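> The following block contains the structure, expressed as structure tokens.
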Amino acid sequence: MASRPAPSRPAPVSRAAAPVPRQKQAFFHTTNRLMATPKDPYAILGVPRTATQAEIKKAYYGLAKKYHPDTNKDPGAKDKFAEIQSAYEILSDPEKRKQFDQFGPAAFDPSAGPGPGPGGAGGEHPFSGFGGPFSGFGFGGFGRGFGADMGFEDVFTAFTGRRGPMRGTQFMRGDDIEVQVTISFMEAAKGTTKTINIMPLVSCHTCSGSGLRPGTKRTTCRACGGTGERFVDAGPISFGSTCGSCNGTGFSVPRSSECRTCGGDGVVRERKSITVDIPAGVEDNMRLSINGEGDYPATGRAATEDVHATPGNLHVRVRVARDNTFSRQGADILYTATIPLTTAILGGEVTIPTLDGEARVRVPGGTNTGDKMTLAGMGMPKLGTRLGRHGDLRVEFRVAMPKYLSSNARALVEMLADEMGDKTAKRIMGIGKSSGDDAESHKHEGFLKSLWHNLTNHPAHQQKAEGAEESKEGSAKKDDDKQSGSGTGL
1 MASRPAPSRP
11 APVSRAAAPV
21 PRQKQAFFHT
31 TNRLMATPKD
41 PYAILGVPRT
51 ATQAEIKKAY
61 YGLAKKYHPD
71 TNKDPGAKDK
81 FAEIQSAYEI
91 LSDPEKRKQF
101 DQFGPAAFDP
111 SAGPGPGPGG
121 AGGEHPFSGF
131 GGPFSGFGFG
141 GFGRGFGADM
151 GFEDVFTAFT
161 GRRGPMRGTQ
171 FMRGDDIEVQ
181 VTISFMEAAK
191 GTTKTINIMP
201 LVSCHTCSGS
211 GLRPGTKRTT
221 CRACGGTGER
231 FVDAGPISFG
241 STCGSCNGTG
251 FSVPRSSECR
261 TCGGDGVVRE
271 RKSITVDIPA
281 GVEDNMRLSI
291 NGEGDYPATG
301 RAATEDVHAT
311 PGNLHVRVRV
321 ARDNTFSRQG
331 ADILYTATIP
341 LTTAILGGEV
351 TIPTLDGEAR
361 VRVPGGTNTG
371 DKMTLAGMGM
381 PKLGTRLGRH
391 GDLRVEFRVA
401 MPKYLSSNAR
411 ALVEMLADEM
421 GDKTAKRIMG
431 IGKSSGDDAE
441 SHKHEGFLKS
451 LWHNLTNHPA
461 HQQKAEGAEE
471 SKEGSAKKDD
481 DKQSGSGTGL
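By UniProt numbering, the letter at position 159 of the sequence shown is numbered 159, and the numbering carries on one by one without gaps.
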């Protein structure tokens, strides 16, 4: 078998130029560029479309370890491993992932064009000889429109985002930073300001983010020859992967040329204090975002010197501490008011706390435990609403039952049971059951009944009290007359 030449990137073919003959070769790359029907990388790795990079990496490592040909002797393990590698290369690259999400498998299927060019079945690029199948369509998002002089390699690179020696401006975005801050319940109700200390990556002040010492420049990566890819032969099949030395950029910075401050990364960590305004009404576990306060990208490792760098964002997760007085349901706050038994029976007024101080509320007579009252507009501010709208303060009453009663208090309650016709209540004071010969019992009963009549404004007791008062006044008058008469006699 003739030896296969080293993979190389073909020059773009113009419309007028004849197809460049190439030697036939079996060539499989992890992006499945010769696969007739590319599969869904999300399904291959078993992750949802909303998966984070950490979740994708975890799924990839697990599957790669399981199906690696060195450890898995199953005949289909090698193909499965290549499939996993291909899926991970797409999903681990933000640009490739974006292209798959937008175009689907067609973004990575060379046969998705209008048809193979001359010699396509013999190993030629299926778009060669057409002068660019998308001529006339100005896809400016790829840096320039697809013109007649654009060959397959340019089209394929534009759709797949294959790494290699890059031209033009490279867009880089730094990682996001997430921190947590805890505030009190009242701070959540009124709003507050917190100062957060972070250590994000910032552009190196020594090299201005280039990663180079003064007077030095980047060199072509020796490991991949500037292609950004490395290939491993496995019999008739060649597996390609991103070059680990240059991370697919095709360039490298010699150690002697690296900036001493940042080590060639172009970024350093720097302590920074950020003031965060937390709005009134914020809920527990809510996340606030501050644009541009995250990590700066490592521009020293960029694939080109023309880099458009954007810092990541700072995400502040707010935790609201529990409160001993209030609890919360959305914009409504809940409060449990404990009231005495007598207030629950007779009604009255109680003082309850609010977000703005204290308020007195009326308690209807006959209030039971679990009865509720709503004070409209006295809850939390509603986020995202105008005119300062608030939730409600919902008050739930709990009747406090006395655990101990004095003899007089128990006698009163037993008399209340008699008055209300309660036949099931236990009685131990013997009110209303004492013997006629027991003068002391009569005396005790008279006092309690008199007190009961005073509480209930009983008319009979009022008449009896008026008669007793008149009798008392008459007796006092007679005493005065006697004293006056005795004085006259003398």
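For glycine and all other residues, C-beta sits at the position ideal for the given N, C-alpha and C. Note that the structure is predicted; figures quoted are calculated from it, not measured.
Using beta-carbon positions only, say whether Tyr335 and Val395 come within less than 8 Å of one another.
yes
> Note down, in chain order, each residue of its chain lying with its Cβ closer than 6 Å to the Cβ of His308, except the 5 sequence neighbours on either side.
The beta carbon of His308 sits closer than 6 Å to those of Thr169, Phe171, all from its chain and outside the five residues before and after it, given in chain order.
> Name the two residues that bound the continuous beta strand (DSSP E) containing Tyr335.
332 to 340
> Using a threshold of 8 Å, state whether the C-beta atoms of Cys204 and Cys262 are closer than that.
Cys204 is a Cβ neighbour of Cys262, given a cutoff of 8 Å.
> Let me confirm a value: Ile428 is counted as buried when at least 16 other C-beta atoms fall within 10 Å, else exposed. Which label applies?
A residue is called buried when at least 16 other Cβ atoms come within 10 angstroms of its Cβ; Ile428 does not meet this threshold and is exposed.
> Could you tell me whether the Cβ atoms of residue 491 and Gly209 are closer together than 8 Å?
The structure shown has nothing for residue 491, since the chain only spans 1 to 490.
> Would you call the CB atoms of Val276 and Lys194 closer than 8 Å?
yes
> Could you check where the beta strand (DSSP E) with Phe171 kicks off and where it finishes?
Phe171 -> beta strand (DSSP E) spans 170 to 173.
> For the segment 313 to 324 against the segment 344 to 351, do three or more pairs of beta-carbon atoms, one drawn from each stretch, fall closer than 8 Å, so that the two count as touching?
no
> Enumerate, from N- to C-terminal direction, the unbroken beta strand (DSSP E) stretches of 3 or more residues contained entirely within the UniProt zinc finger region "CR-type" (191 to 271).
192 to 198, 201 to 203, 229 to 234, 237 to 242, 267 to 269
> Between the C-alpha atoms of Ser407 and Gly366, what's the straight-line distance to the nearest angstrom?
Their Cα atoms are separated by approximately 24 Å.
> Touch check for the segment 359 to 376 and the segment 407 to 418: three-plus C-beta pairs under 8 Å?
no
> Locate the beta strand (DSSP E) running through Lys372, then write down its first and last residues.
372 to 375
> Need the endpoints of the beta strand (DSSP E) that Pro297 sits in, please.
Pro297 -> no beta strand (DSSP E), and no H or E assigned at all.
> Under 8 Å, with one C-beta from each stretch per pair, do the segment 281 to 300 and the segment 373 to 392 reach the 3-pair mark?
Yes, the segment 281 to 300 touches the segment 373 to 392.
> According to DSSP, is Pro105 helix, strand or coil?
helix
> For Pro105 and Leu288, what's the separation of their Cα atoms in angstroms?
36 Å
> Whole-angstrom Cβ separation of Ala331 and Gly379, contact assumed at under 8 Å?
The pair is a contact, with the Cβ atoms about 5 Å apart (cut-off 8 Å).
> Under the assumption that Gly174 contacts Pro311 (Cβ atoms under 8 Å), give the Cβ distance between them as a whole number of angstroms.
Yes, Gly174 and Pro311 are in contact; Cβ-Cβ is about 5 Å, under 8 Å.
> Compute the Euclidean distance between the alpha carbons of Lys403 and His390, then round it to the nearest angstrom.
40 Å
> Please report the distance separating the alpha-carbon of Gly388 from that of Glu178.
The C-alpha of Glu178 is placed about 30 Å away from the C-alpha of Gly388.
> Applying the criterion that 16 or more other CB atoms from any shown protein chain within 10 Å of the CB defines a buried residue, is Thr249 buried or exposed?
buried
> With burial defined as no fewer than 16 other Cβ atoms inside 10 Å of the residue's Cβ, what is the status of Leu341: buried or exposed?
exposed
> Let me know if Lys98 comes out buried or exposed under the rule of 16 or more other beta-carbons within 10 Å of its beta-carbon.
exposed
> Which of the three DSSP states is assigned to Gly357 in this structure?
Gly357: strand per DSSP, three-state reduction.
> State the Cα-Cα distance for the pair Thr220 and Phe231, rounded to the nearest angstrom.
17 Å
> Of all the options Ala64, Leu91, Ile198, Asp93, which has the alpha carbon lying nearest to the alpha carbon of Gly294?
Ile198
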